[in-house]
Amino acid sequence: KAGVTQTPRYLIKTRGQQVTLSCSPISGHRSVSWYQQTPGQGLQFLFEYFSETQRNKGNFPGRFSGRQFSNSRSEMNVSTLELGDSALYLCASSLGVSGAQETQYFGPGTRLLVL
Amino acid sequence: AQTVTQSQPEMSVQEAETVTLSCTYDTSESDYYLFWYKQPPSRQMILVIRQEAYKQQNATENRFSVNFQKAAKSFSLKISDSQLGDAAMYFCAYRANYGGSQGNLIFGKGTKLSVKP
């Protein structure tokens, strides 16, 4: 079974631009979660999508948004990029139906650099 | 709000020796899971071990075991017979269990483990 894939793997943008990151979950998984990883703040939860609906949201400004398609693939968008948005963005997929015990399978991440 | 604290930013262990990574957490929930994730350099994060809060028995997975002290809100990871491939960042994580739904993972800041040959 193919793992979680994320595209692109690396991205360089300038302040004020917007960016879209993509995540393809493991086949059969309906839940996709997004995390931001930075050296200073560590791993922080952005949002979770399940069956095309946002089920959970972290404490990030409205510039961060996401969506999920009918095939469970998910995208996250960051508008009006700031220098502080430079980070590794990880997505994780799971079945989404068995509660907190479920293993979340992580992708390799997209490394975003904002100049 | 729930928090997870890893007090050891870096640890080092000799190959074949045993090392223990510390983790404490704070929550008012009674039903939750605790996890240890491993993130090797430039590689994907993978689950090492999980512990259900209602289970008193400590979880074990081959060379990895935990010491779960619910009253003390402590969840340490013991790696026995350390191998060079164990070198990685290790993250302790917490997730509340809301029945059919699932809370998000809350991570500690991580412990960087080095293994010396």
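Order-wise, the sequence lines are chains A and B.
Each step along the first sequence adds one to the number in my numbering, with nothing skipped, and position 98 is 98.
Each step along the second sequence adds one to the number in my numbering, with nothing skipped, and position 7 is 7.
Where is the CB? At the ideal position from N, CA and C, for every residue including glycine.
Is the distance from the Cβ of residue i to the Cβ of residue j below 8 Å?
i, j, result
"B/K38", "B/V48", "yes"
"A/T20", "A/E75", "yes"
"A/A100", "B/Y33", "yes"
"A/S94", "A/S31", "yes"
"B/N104", "A/N56", "yes"
"A/P25", "A/S98", "no"
"A/L90", "A/Y35", "yes"
"B/S65", "B/S22", "no"
"A/G107", "A/V4", "yes"
"B/G110", "A/G42", "yes"
"A/G28", "A/L81", "no"
"B/Q69", "B/A59", "no"
"B/F35", "B/A93", "yes"
Return no unless some Cβ of chain A is closer than 8 Å to the Cβ of residue i.
i, result
"B/A59", "no"
"B/M45", "yes"
"B/G85", "no"
"B/R63", "no"
"B/N104", "yes"
"B/A71", "no"
"B/A96", "yes"
"B/E52", "yes"
"B/Y25", "no"
Less than 8 Å between the CB atoms is what I'm expecting for residue i and residue j, so what's the real figure, rounded?
i, j, result
"A/V78", "A/Q18", "6 Å"
"B/A53", "B/S28", "Actually they are not in contact, since the Cβ atoms of B/A53 and B/S28 sit about 12 Å apart, beyond 8 Å."
Does residue i get closer than 8 Å to chain B when you measure Cβ to Cβ?
i, result
"A/A100", "yes"
"A/F60", "no"
"A/S72", "no"
"A/Q104", "yes"
"A/P8", "no"
"A/L90", "yes"
"A/S79", "no"
"A/P25", "no"
"A/E52", "no"
"A/G66", "no"
"A/S33", "yes"
"A/G16", "no"
"A/E75", "no"
"A/E82", "no"
"A/G107", "yes"
Using C-beta distances below 7 Å, list every residue in its chain close to residue i, excluding the 5 sequence neighbours before and after it, in chain order.
i, result
"B/S12", "S114, K116"
"A/S70", "E52"
"A/T7", "S22"
"B/D81", "A16, R63"
"B/D26", "Q2, T3, K73"
"A/G58", "Q44, F45, L46, F47"
"B/D86", "I79, L113, V115"
"A/F60", "L46"
For residue i, which residues of its own chain have a beta-carbon under 6 Å away from its beta-carbon, when the five flanking residues on both sides are left out?
i, result
"A/Y127", "Lying outside 1 to 115, the shown extent of chain A, residue 127 of chain A is not represented and no answer is given."
"A/T38", "A87"
"B/R119", "The structure shown does not extend to residue 119 of chain B, since chain B spans only 1 to 117, so no value can be given for it."
"A/I12", "L113"
Among the residues of its own chain, which have a CB less than 8 Å from the CB of residue i, if the five just before and after it don't count?
i, result
"B/Q14", "S82, V115, K116"
"A/G66", "W34, L46, F47, Y49, Q54, S74, E75, M76, N77"
"B/M45", "Y37, K38, Q39, F91"
"A/F64", "L46, F47, M76, N77, V78"
"B/Q8", "L21, S22, T111"
Can you name the residues of chain D whose CB is closer than 7 Å to the CB of residue i?
i, result
"A/L43", "Although the question refers to chain D, the structure presented lacks it and instead comprises the protein chains A and B."
Could you pull out every unbroken beta strand (DSSP E) segment of at least 3 residues lying fully inside the region 41 to 102 of chain A, listed in chain order?
If one requires a minimum length of 3 residues, the beta strand (DSSP E) runs lying completely within the region 41 to 102 of chain A are 42 to 50, 53 to 57, 64 to 68, 74 to 78, 87 to 94, in chain order.
Would you mind listing the beta strand (DSSP E) stretches within the region 12 to 55 of chain B that are 3+ residues and don't spill past its ends, in chain order?
Runs of the beta strand (DSSP E) inside the region 12 to 55 of chain B: 19 to 21, 24 to 26, 32 to 39, 46 to 52.
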